[in-house]
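Number of protein chains: 2
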Amino acid sequence: MTDPRNTALSYAHQNSQAFLDYLKSLVQIPSVSTSSDHAKAMKDTAENLANRLRGLGFSNVALHPTVGHPVVFGEYIVNQPGHKTVLIYGHYDVQPAEPLDLWKTPPFEPTQINENLFGRGASDMKGQVAASLAAVEAVLQAGEPPVNIKFMIEGEEEIGSPNLSQFLRANAPMLAADVVLNPDSGMLAADFPTLTYALRGLAYFELRVYGPEHDLHSGLFGGVVHNPAQALIELIAGMHDTDGRILLPGYYDSVREMSAEERADIARLPMTEDFYKTQTGAPQLWGEKGFTPAECIGGRPTLEVNGILSGFTGHGSKTVIPSWAMAKISMRLVPDQDPEEVHRQLIQYLEQKAPATIRWELIKMAGGPASFTDPNHPAALAMSQAMETIWGMRPVFKREGGSIPIVAEMQEILGIESVLTGFGLPEDNVHAPNEKLHLPTWYRGIDALIHFFYNYGI
Amino acid sequence: MTDPRNTALSYAHQNSQAFLDYLKSLVQIPSVSTSSDHAKAMKDTAENLANRLRGLGFSNVALHPTVGHPVVFGEYIVNQPGHKTVLIYGHYDVQPAEPLDLWKTPPFEPTQINENLFGRGASDMKGQVAASLAAVEAVLQAGEPPVNIKFMIEGEEEIGSPNLSQFLRANAPMLAADVVLNPDSGMLAADFPTLTYALRGLAYFELRVYGPEHDLHSGLFGGVVHNPAQALIELIAGMHDTDGRILLPGYYDSVREMSAEERADIARLPMTEDFYKTQTGAPQLWGEKGFTPAECIGGRPTLEVNGILSGFTGHGSKTVIPSWAMAKISMRLVPDQDPEEVHRQLIQYLEQKAPATIRWELIKMAGGPASFTDPNHPAALAMSQAMETIWGMRPVFKREGGSIPIVAEMQEILGIESVLTGFGLPEDNVHAPNEKLHLPTWYRGIDALIHFFYNYGI
């Protein structure tokens, strides 16, 4: 009798084109969760995934409604004692594609150029969801699967998963599992399989500043009112000192400092200054004084201006004093910062610093704490072994700068650890124009997932 | 024989509705000069004005092409010795109407509500051009006019009149006159007829800051690159100190300080703190320490952010580090500041302060020096007397915060002084949504202009 693992791998290799075609069909649907313009595309994507699960023989497949976009769920349960359960997490929403004029290929027309597939969501994370589905299809093709498998694919990750914790609380029995497989984290490089054990959290705000009641002529009124753009600029400029440290009151009080061992581990990563210079194309790196770039990303909190808008920004000139200004401001948080506490710190800063010449308003938009997962969990070791089989090297265990709030929520609400991995690369332009997926890495990822199921299962 | 002055006034009163209808026909045309989207409207407006002049019996009526929008010219010359010539300046372009959602009536559908006519350009300055044409029509109706009249109406005032000085140089003989009547300056209030003798200049720039080569994910890269929005913010924040003074190197070196007499004159104006609070609706006034609001407007230079844009500014949240940021920055200048010198000061500031973590680019967009005119010119006295006849009080002589570069150019290039007046009010929302014209003041203005021609003429 053939080893089912080999049967599954053979099936995967024979069906590589079908797997890719399915991924393309997903990328074609503009499932942008951030605006209400794409409601139909969101629903179409969720239904597409549900149909795919039904086609694989999954049971209890359904779109579970939330206040926002539905969660797709389905399960494949083998009625055998001792079978462990893997809950595969994914999200089917993508970032907005704007600015559209910077895309070399249309964002929602997946285009293969040499070894890469270009399109919004190709890497983050329709590619990862499709890889998981492909691996599961191959495993099911080889007979009874070595583990029970559940899929939970949400539609609001790119807007901070505002309704997921409630969904987890309401459906804890349905979601029960031994481990979460979360492939929303990437690799350091195509030849560096990576397991992520720490993630930064997020707190995202919109700050609005109001000055005069209406736009004013800068000649007739310039010099007697506090320009709200300038007032906003002054407030934001005061949020960092010249060493790149953040000046919100008490911001670093609950930051867990990296241990000497962690800093030594980080120093061994291939993420040098040159790596970040190449990845970003910035004229020169910047960051909090006293920390290496990799430490800044993995272990230090940030405060970023994600957007700012005021007044006349079109072609030409307009001599206006704007009546309002706004900025999108977000912080990446590290353990043990609390998004609610950061919200209070920002309010406190504004109360202390905002002048009486303007009015301000702060809107909280999204947030989630940082998270750690156990790198010695049996599933993490099974994944490590799977990756070593495919890439010929033990994966790198790393701290990541991004935020996956679901990891902390899975721990807190369901008590389930996550194995965090994925087959995207730093140069995939996620959240930016020309997002792409490196297909050879993606195919290796499918093989690694197949090995993972057999390594972890009975 | 009836006094022609009274005939003209009677004619004006009998034709008030026709004058208003003509103004409405002008406001209907969206002659926005700042973008190329309105090229046809610009041409239509110029032709409309030329036809109006032809209808009044003007000669040599023509649209004089420039690199940008044409200048409308026409003249009515009486072949009598000793006749003085008044060159009436106007502009037919208007500010962009954006933001459109803040207009209570459509900007290019002139709408009368009680005593006001709402519409873009109703006050600045189609209303003033139409008042001048109405007064001239009335004067011509009463027989031979007391002065020769020339009209020069440009189409690029709202973009800084980039081609006007060349037009003046090329057409000096055609434009020869004893005085320029420039009704592009307003009144302090409906019961305060006003003659303006000083104007601020303007220097307008776009500052662009470039950081990473493309937008970055704020999780994957936040903390190692200098966010260009933040870098731009830091640069702009450093341009003022906490006393509202501008920190460009040498910025105040050539500022002509107001004399004690001027400051005493300004103190007598009705432009109190309360006046500016009411006009602007700002929570609290702001300004350069050591100067009253009226002094700040009339005699002190400014630096304003007219617009700023970077990153994601739509609805919702996007965790992006933008790759670039830009701001429109302009200065209102006072005598004896030189726009070119200010340009150099801004470059010097940026060279000193811009960090190596970003690249920057400064684009000069418009500029003109401040100007003074002679308040004792015979034409100024004729206008003062005309206003006193209509309003029953001598007009206020004031310094204004706005810029009318043409006033300085008329002095420098053609050697002609300007009488600066106009019948717009501070609450007209010029350069803002819901621009309007106060019609009772406008009709008084037409009468005052009729008196002016007879007072000044023979």
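Protein chains in written order, with my numbering: chain F, 149 to 606; chain B, 149 to 606.
All residues carry an ideal CB built from backbone N, CA and C; glycine is no exception.
In this text, all values refer to a predicted model and were calculated from it rather than measured experimentally.
DSSP three-state assignment for residue i, whether helix, strand or coil
| i | result |
| --- | --- |
| F:M531 | helix |
| B:I394 | strand |
| F:M474 | strand |
| B:K608 | Only positions 149 to 606 of chain B appear in the structure, and residue 608 of chain B is not among them; the question remains open. |
| F:V578 | coil |
| F:H212 | strand |
| B:R348 | coil |
| B:V226 | coil |
| F:T259 | strand |
| F:S465 | coil |
| B:Y240 | coil |
| F:V453 | strand |
| B:Y497 | helix |
| B:M335 | coil |
Closer than 9 Å to chain F by CB, residue i
| i | result |
| --- | --- |
| B:P244 | yes |
| B:R317 | no |
| B:Q276 | no |
| B:F571 | no |
| B:M322 | no |
| B:G398 | no |
| B:M190 | no |
| B:H579 | yes |
| B:H463 | yes |
| B:A430 | yes |
| B:S402 | no |
| B:R153 | no |
Whole-angstrom C-beta distance between residue j and residue i, which should lie under 8 Å
| i | j | result |
| --- | --- | --- |
| F:P574 | B:L368 | 7 Å |
| B:I506 | B:Y358 | 6 Å |
| B:V242 | B:E306 | 6 Å |
| B:A338 | B:Y170 | Incorrect: roughly 22 Å between the Cβ atoms, too far for contact. |
| B:G263 | B:H586 | It is Glu, not Gly, that sits at residue 263 of chain B in the sequence shown. Between B:H586 and B:E263 the Cβ distance is about 6 Å, and since that is below 8 Å, they are a contact. |
Chain B within 9 Å of residue i, Cβ atoms only
| i | result |
| --- | --- |
| F:S280 | no |
| F:Q378 | yes |
| F:D200 | Per the sequence shown, the amino acid found at residue 200 of chain F is Arg instead of Asp. Closer than 9 Å: no. |
| F:I445 | yes |
| F:G267 | no |
| F:T607 | Here chain F comprises residues numbered 149 to 606, so residue 607 of chain F is not present and cannot be evaluated. |
Short Cβ contact (9 Å threshold) for residue i with residue j
| i | j | result |
| --- | --- | --- |
| B:I177 | B:D332 | no |
| B:R411 | B:T450 | no |
| F:I297 | F:V284 | yes |
| F:S465 | B:E354 | yes |
| F:T489 | F:G398 | With the sequence shown as reference, residue 489 of chain F is identified as Glu, and Thr is not the correct amino acid for it. Yes; because the gap between Cβ atoms is below 9 Å, this pair is in contact. |
| B:S173 | B:V328 | no |
| F:V468 | B:L433 | no |
| B:E436 | F:N375 | no |
| F:A442 | F:I414 | yes |
| F:A518 | F:F600 | no |
| F:F221 | F:M322 | yes |
Through-space distance from residue j to residue i, alpha-carbon basis
| i | j | result |
| --- | --- | --- |
| F:P229 | F:D401 | 48 Å |
| F:M513 | B:L383 | 28 Å |
| F:P258 | F:G447 | 35 Å |
| F:T426 | B:H365 | 15 Å |
| B:I394 | B:I495 | 14 Å |
| B:R592 | B:K584 | 16 Å |
| B:E557 | B:V482 | 15 Å |
| F:P526 | F:V544 | 17 Å |
| B:D613 | B:Q314 | Because chain B is modelled from 149 through 606, residue 613 of chain B falls outside the range shown and cannot be assessed. |
| F:D192 | F:T182 | 16 Å |
| F:A156 | F:V287 | 5 Å |
| B:P487 | B:R317 | 20 Å |
| B:P310 | F:C444 | 49 Å |
| B:G269 | B:L343 | 21 Å |
| F:Y224 | F:A166 | 22 Å |
| F:T611 | F:F206 | Residue 611 of chain F cannot be examined here, being either before or after the span of chain F that is shown, 149 to 606. |
| F:I456 | B:M474 | 10 Å |
| B:E536 | B:W251 | 36 Å |
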